[in-house]
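Engineer: Just so you know, the protein sequences line up as chains A and B, in that order.
With the numbering used here applied, the first sequence covers 16 to 155.
With the numbering used here applied, the second sequence covers 159 to 225.
All residues carry an ideal CB built from backbone N, CA and C; glycine is no exception.
Below are the structure tokens for one structure; questions will follow.
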Amino acid sequence: MTKLDCENSSYQTKNNANTIILRNWTFAWVITMAIAAFSPKFIWDFNTALTIAAVLINLAVGFKMLVANRDYLRGLDEMQRTILLEAMALALGVGLVVGLSYELLEDIKLITYQPEIPHIVFLMVITYGLAVVSGHRKYQ
Amino acid sequence: MKNRLKVLRAERDWTQAQLASALGVSRQTINAIEKGKFDPSLPLAFKAARLFNLAIEEIFNDEVEAL
Numbered sequence: 016m017t018k019l020d021c022e023n024s025s026y027q028t029k030n031n032a033n034t035i036i037l038r039n040w041t042f043a044w045v046i047t048m049a050i051a052a053f054s055p056k057f058i059w060d061f062n063t064a065l066t067i068a069a070v071l072i073n074l075a076v077g078f079k080m081l082v083a084n085r086d087y088l089r090g091l092d093e094m095q096r097t098i099l100l101e102a103m104a105l106a107l108g109v110g111l112v113v114g115l116s117y118e119l120l121e122d123i124k125l126i127t128y129q130p131e132i133p134h135i136v137f138l139m140v141i142t143y144g145l146a147v148v149s150g151h152r153k154y155q
Numbered sequence: 159m160k161n162r163l164k165v166l167r168a169e170r171d172w173t174q175a176q177l178a179s180a181l182g183v184s185r186q187t188i189n190a191i192e193k194g195k196f197d198p199s200l201p202l203a204f205k206a207a208r209l210f211n212l213a214i215e216e217i218f219n220d221e222v223e224a225l
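Okay, here's the thing in structure tokens:
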């Protein structure tokens with residue numbers, strides 16, 4: 016029965032490792048995003064070279080985060096992967112459809128303020144979270 | 159799709175977590191398959207068949223579970 020011992024599960028171990036790697040790259044991406052957003056104004060007074068460097072570093076770390084996310088998805092079992100991919104598809108669809116309609120609202124003068132990308136990102140995150148919860152409940 | 163995974167597991171006195179470990183999937187996936195809520199891929203079905211030393215059709219059949 017040792018072979019079946021869940022504590023030695025290679026799936027679980029690999030999944031935990033992938034989760035930690037994804038968490039670390041996501042954290043690094045958030046930090047580099049904050050540096051790129053606030054440092055030009057508060058630290059180096061819009062020095063062009065430093066600002067470009069901060070943006071490039073943010074993009075590079077963001078790319079590593081995407082790779083970590085891809086590896087995380089590949090490491091999941093087929094049901095978990097199905098749940099997350101369906102959630103991602105729904106979040107992308109909602110972001111696209113609602114995002115374009117939202118942008119249109121200003122063009123046709125139904126709203127007076129400028130639509131912001133963070134509003135759509137927030138909607139996509141909420142949609143993704145709800146879809147993941149719903150997916151897990153569906154297969155419970 | 160119906161399957162005998164729960165019966166076969168119980169005959170060997172394995173927990174869902176132990177079977178999940180042997181098949182390289184999560185316990186939630188084993189639970190969903192046993193309940194007929196998730197149909198495994200062909201590679202996973204073959205893996206289960208090898209683990210239990212049975213043919214795939216002795217574990218899985220495409221008869222829809224009665225509601």
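(1) Would you check if the region 162 to 174 of chain B and the region 113 to 123 of chain A touch, i.e. whether three or more CB-CB distances between them fall below 8 Å?
(2) Given this structure, state the Cα-to-Cα distance separating residue 127 of chain A from residue 134 of chain A, to the nearest angstrom.
(3) Check whether the region 195 to 202 of chain B touches the region 81 to 98 of chain A, counting contact only when three or more Cβ pairs, one atom from each stretch, lie closer than 8 Å.
(4) Can you tell me whether residue 61 of chain A is helix, strand or coil according to DSSP?
(5) At a CB-CB cut-off below 9 Å, which residues of chain B make contact with residue 131 of chain A?
(6) On a CA-only basis, which of A:102, A:40, A:73, A:77 is nearest residue 53 of chain A? Give me that one, please.
(7) Whole angstroms are fine: how far does the CA of residue 81 of chain A sit from the CA of residue 107 of chain A?
(8) Let me see if you follow: with CB-CB separation under 7 Å, is residue 166 of chain B close to chain A or not?
(9) CA-CA distance, residue 131 of chain A and residue 118 of chain A?
(10) Go ahead and label residue 144 of chain A buried or exposed: buried means 16 or more other beta carbons lie within 10 angstroms of its beta carbon, across all protein chains shown.
(11) Determine the contact status of residue 209 of chain B and residue 168 of chain B, defining contact as a CB-CB distance below 7 Å.
(12) Using only the alpha-carbon positions, how far apart do residue 34 of chain A and residue 87 of chain A sit?
(13) Hey, does residue 26 of chain A have any beta-carbon neighbour from chain B nearer than 7 Å?
(14) Between the region 87 to 98 of chain A and chain B, which residues of the former have a C-beta closer than 7 Å to a C-beta of the latter?
(15) Taking residue 152 of chain A as the reference, give the member of B:185, B:160, B:184, B:190 with the closest Cα.
Structural biologist: Answer, in terms of the structure:
(1) no
(2) By one-based count along the first sequence, residue 127 of chain A stands at place 112. By one-based count along the first sequence, residue 134 of chain A stands at place 119. Each residue's alpha carbon lies about 15 Å from the other.
(3) yes
(4) The residue labelled residue 61 of chain A in the question sits at position 46 within the first sequence. Residue 61 of chain A: coil per DSSP, three-state reduction.
(5) On the first sequence, position 116 is the one that residue 131 of chain A refers to. What residue 131 of chain A touches in chain B: nothing, since even the nearest Cβ is about 37 Å away.
(6) Counting from one through the first sequence, the residue named residue 53 of chain A turns up at place 38. Closest option to residue 53 of chain A, Cα to Cα, is A:73.
(7) Counting from one through the first sequence, the residue named residue 107 of chain A turns up at place 92. Counting from one through the first sequence, the residue named residue 81 of chain A turns up at place 66. Looking at the two C-alpha atoms, the distance is approximately 15 Å.
(8) Translated into the one-based positions of the second sequence, residue 166 of chain B becomes position 8. No - not a single Cβ of chain A is within 7 Å of the one on residue 166 of chain B.
(9) Translated into the one-based positions of the first sequence, residue 131 of chain A becomes position 116. Translated into the one-based positions of the first sequence, residue 118 of chain A becomes position 103. If you take the alpha carbons of residue 131 of chain A and residue 118 of chain A, they lie about 9 Å apart.
(10) On the first sequence, residue 144 of chain A is found 129 positions in, with the first residue counted as 1. So residue 144 of chain A ends up on the exposed side.
(11) To locate residue 209 of chain B, count along the second sequence from 1; it is residue 51. To locate residue 168 of chain B, count along the second sequence from 1; it is residue 10. Not in contact: residue 209 of chain B and residue 168 of chain B (Cβ atoms no closer than 7 Å).
(12) Within the first sequence, residue 34 of chain A is the residue found at index 19, counting from 1. Within the first sequence, residue 87 of chain A is the residue found at index 72, counting from 1. Spanning the two alpha carbons is a distance of roughly 7 Å.
(13) The residue labelled residue 26 of chain A in the question sits at position 11 within the first sequence. Yes, contact with chain B.
(14) 92, 93, 94, 95
(15) The sequence position of residue 152 of chain A within the first sequence is 137, counting from 1. If we check each option's Cα against that of residue 152 of chain A, B:190 comes out closest.
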